[in-house]
Amino acid sequence: MSGTPEGPVHPEPAETHTAEPALTERHTGREEAELRDYRAAFRVARLAMALVDRDGVVVAANDSLGALLGTEAGALREQAAADLVDLASDGRTWHAYREVLRGRRSRFRCTRRLKHADGRSLWAEVTVAPVPGDRRVLLSIADISDRRELQARLRHLQMHDPVTRLPNRTLFFERLAAALEEPAAPREPHESYESYESYGYGRTGRIGLCYIDLDGFKAVNDTLGHRVGDRLLAAVAGRLTECADSDGYTRGGGHLVARLGGDEFAILVEDSTGTEQLTDLARSVLDALQEPFDLAGQRLSVSASIGVVERSGRGTTATALMQAADTTLYWAKADGKARWTLFDPERNAHRMTRQALSSTLRPAVEDGEFALEYQPLVDLADGAVRGVEALVRWHHPQFGPLPPNRFIGIAEEDGSIVELGRWILRTACRQARQWQKDHPRERPLFVSVNVAVRQVWDSDLVADVAGILAETGLAPHLLQLELTESAVMGSAGRPLQALQALSDMGVRIAIDDFGTGYSNLAYLSRLPVSVLKLDGSFVRGFQDEEHANAADELIVEALVRLAHRLGLTVTAECVETAGQASRLRRIGCDTGQGWLYSRAVTPERIAELIGTEPLPA
0 MSGTPEGPVH PEPAETHTAE PALTERHTGR EEAELRDYRA AFRVARLAMA
50 LVDRDGVVVA ANDSLGALLG TEAGALREQA AADLVDLASD GRTWHAYREV
100 LRGRRSRFRC TRRLKHADGR SLWAEVTVAP VPGDRRVLLS IADISDRREL
150 QARLRHLQMH DPVTRLPNRT LFFERLAAAL EEPAAPREPH ESYESYESYG
200 YGRTGRIGLC YIDLDGFKAV NDTLGHRVGD RLLAAVAGRL TECADSDGYT
250 RGGGHLVARL GGDEFAILVE DSTGTEQLTD LARSVLDALQ EPFDLAGQRL
300 SVSASIGVVE RSGRGTTATA LMQAADTTLY WAKADGKARW TLFDPERNAH
350 RMTRQALSST LRPAVEDGEF ALEYQPLVDL ADGAVRGVEA LVRWHHPQFG
400 PLPPNRFIGI AEEDGSIVEL GRWILRTACR QARQWQKDHP RERPLFVSVN
450 VAVRQVWDSD LVADVAGILA ETGLAPHLLQ LELTESAVMG SAGRPLQALQ
500 ALSDMGVRIA IDDFGTGYSN LAYLSRLPVS VLKLDGSFVR GFQDEEHANA
550 ADELIVEALV RLAHRLGLTV TAECVETAGQ ASRLRRIGCD TGQGWLYSRA
600 VTPERIAELI GTEPLPA
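Sequential numbering from 0 applies to the sequence shown in numbering that gives the first Met the number 0.
As structure tokens, then:
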């Protein structure tokens, strides 16, 4: 044996040194093969792609990208990628693209409309993302034109009315909202609209709307059927479109004509030049619709009501504009149809006030916001105060003191007159009884209270009166109920029974404003009436002493004589001068009421008049 000592066998350094290069060569070869595969896939991929360096310059482009843009792939090298796919057209997209190039963002995607070399347009979805392990980024573009076209078709179906092919309510409000969001172009005060437009501006900052509703369209559907009705709607849509397209004020792309539903249409005028443009357009619409329609041998005529609104777009919302248009359309209908009506802020304020009063009227009775004032009824023979008329006032927390003509009509419409009338009746009877208690030696005053027809129909007026008289202790003959002539004349059934029952109870019934309604004199003999109150228009004819109207005096004298022959007394309203009082007294009128004697005053002032010297007669 040799003398070599045993021990661990260590590989020779040379062997270890020669093994590493072989491994490295194998690894490098695999990467090169993969890179060749990537390059081959890049070149033949159906997805359009480009390799872009960190400066945004195209390093390589595949054939699909060249075909998409209508050029050779090699011709795209060294070009700015942002220019090829329009990435610099808006600031947000440009910023996102630059962030990816700088490595501060992983990827971003956007949709762009591109131009092919042959001039046609196409829609593309552009994606920019870093290449793993590389400083470059990959730009990929997918042609989505077919998808966009399908989406456009679906949107058109969704946004248009199938009967008239006009934009529908959804598209109308979308366009309206967009119009209100766009600001007006700057214009100096001295510049005319023409010079303003010549500088390239196109916006006035104003907006107009014609809100159109066909008059009597339901009758067409009901009598001729929905097929004819649809044909009529389509024909109307055509004429509206012609009116909008032929508007002499039209700037740019014209006006939007839309069907909002049923027989309602709208013409939206963006960048309107003022109310004259809108009213001229409304007139042309009315003229166009007045021409008869020939629908497959069926000849039809139709009219329309149009609400017209024109205002500055600044500070206006779509909701506010449509509310104004709807209100104005209602006015056009209420004013007689077949017409246009321009929005009136003052009229609208009155309407809003009515709505505010209507919504607060019922709780106002419970909250004690009402009070009564009393106007004396004076004996024309001796000037003594014989009675008073109770007149209600509303001390509104927002609008201040309101006379009856501001809210009684509203109360009659919504039915709150029943509750309010009951409160007036109870308060007046209680006050009359209190005067009687405070002045037991004086002749008691009767109190006259106005009653609305709805109180007779919607409540048991007889029971209410009986209960209140019992509650307050006022004698029935000291209560007088006033109803208007139009409410009493021709009464039958329940109203006549109620009046008769009240008269049998001892309550006096007066016809207010006599001479302005039916004036059915023969009917007076069959009504349980005690008093006629002549309307103030007769008395005003007595004002001019030098040029007295003999006809007025003859009419009043005839009415007084007729009333007396029927056993009725006569009260003249609106007596303002001593001359009027003298002539009424000479004619034989019994009682006078008006500013000559007193305006409506508080209960305390009436108490001061009881037992004093007679008022001037």
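Don't be surprised by glycine CBs; every beta carbon is placed ideally from N, CA and C.
Should residue i go down as buried or exposed, given a rule of 16 or more other Cβ atoms within 10 Å for buried?
i, result
"GLU481", "buried"
"GLU441", "exposed"
"GLU309", "buried"
"MET351", "exposed"
"GLU71", "exposed"
"GLU603", "exposed"
"ALA410", "buried"
"GLU148", "exposed"
"SER191", "Low confidence applies here, because SER191 scores a pLDDT of 42, under 50, leaving its location unreliable and the question unanswered by this model."
"LEU460", "buried"
"HIS254", "buried"
"SER197", "Here the model assigns SER197 a pLDDT of 37, short of 50, so the residue's position is not dependable, and the following value carries that caveat. Under this definition SER197 is an exposed residue."
"GLN430", "buried"
"GLU269", "buried"
"GLN479", "buried"
"ASN61", "buried"
"HIS395", "buried"
"ASN404", "exposed"
"ALA105", "Position check: residue 105 holds Ser in this sequence, whereas Ala was assumed. Counting Cβ neighbours within 10 Å, SER105 comes out exposed, since fewer than 16 surround it."
"LEU608", "buried"
Could you compute how far the alpha carbon of residue i sits from the alpha carbon of residue j?
i, j, result
"SER311", "ASP246", "20 Å"
"VAL528", "PHE406", "27 Å"
"GLY314", "TRP93", "33 Å"
"GLY472", "THR316", "59 Å"
"GLU651", "PRO161", "Outside the shown range of the chain, which is 0 to 616, sits residue 651, and nothing can be said about it."
"ASP279", "GLU345", "22 Å"
"LEU75", "MET158", "40 Å"
"SER88", "VAL56", "17 Å"
"TYR329", "ASP343", "12 Å"
"LEU523", "GLY535", "20 Å"
"VAL256", "HIS155", "15 Å"
"TRP422", "ALA606", "21 Å"
"ALA323", "GLY335", "19 Å"
"ILE586", "GLU470", "40 Å"
"GLY296", "ASP244", "28 Å"
"ASP437", "HIS349", "43 Å"
"ALA337", "GLN289", "9 Å"
"LEU553", "LEU531", "17 Å"
"ALA95", "ASN347", "50 Å"
"HIS115", "ALA319", "45 Å"
"LEU83", "GLU241", "42 Å"
"PRO129", "ARG101", "10 Å"
"ALA281", "SER304", "9 Å"
Going by C-alpha distance, which of the options is nearest residue i?
i, options, result
"ILE211", "GLU173, TRP93, THR340", "THR340"
"VAL417", "ARG174, ALA151, VAL452", "VAL452"
"ALA380", "SER271, GLY591, GLY55, ALA47", "GLY591"
"ARG53", "LEU138, HIS254, GLY587, ASP62", "LEU138"
"ALA49", "VAL127, THR203, HIS115", "VAL127"
"ARG525", "ALA550, VAL538, ALA562", "ALA562"
"GLU372", "ASP343, PHE342, ASP378, VAL446", "VAL446"
"GLN276", "ALA319, ILE206, SER536", "ILE206"
"ARG621", "THR163, HIS438, GLU124", "Shown here, the chain extends from 0 to 616; a query on residue 621 therefore has no answer."
"ARG238", "THR110, VAL284, THR203", "VAL284"
"ARG620", "ARG174, GLU552, ARG582, ASP413", "The structure shown does not extend to residue 620, since the chain is modelled only from 0 to 616, so the question has no answer here."
"GLY367", "ARG106, VAL384, TRP393", "TRP393"
"ALA234", "ALA218, ARG258, THR222, ASP221", "ARG258"
"ILE508", "GLU556, LEU567, GLY73", "LEU567"
"ALA176", "LEU267, LEU583, GLY408, LEU67", "LEU267"
Quick test of your reading: residue i and residue j, contact by CB under 8 Å. State the CB separation rounded to the nearest angstrom.
i, j, result
"ALA265", "CYS209", "7 Å"
"VAL301", "LEU213", "6 Å"
"VAL645", "LEU424", "Coverage of the chain is limited to positions 0 through 616, which leaves residue 645 absent and any answer about it impossible."
"ARG91", "SER63", "The pair is not a contact, with the Cβ atoms about 27 Å apart (cut-off 8 Å)."
"VAL51", "ARG135", "6 Å"
"THR163", "LEU232", "6 Å"
"VAL455", "PRO475", "Contact doesn't hold; Cβ gap of about 18 Å is too wide."
"LEU444", "VAL377", "That pair is no contact at about 11 Å."
"LEU614", "GLY382", "5 Å"
"ARG598", "GLN374", "7 Å"
- [ ] Inspect the CB distances between the segment 162–172 and the segment 128–148 and report whether three or more fall short of 8 Å.
- [x] no
Task: the segment 353–367 contacting the segment 418–425, beta-carbon criterion three pairs below 8 Å - done: yes
Task: At least three beta-carbon pairs within less than 8 Å, the segment 593–600 to the segment 571–578 - done: Taking a cut-off of 8 Å on C-beta distances, the segment 593–600 touches the segment 571–578, as three or more cross pairs fall below it.
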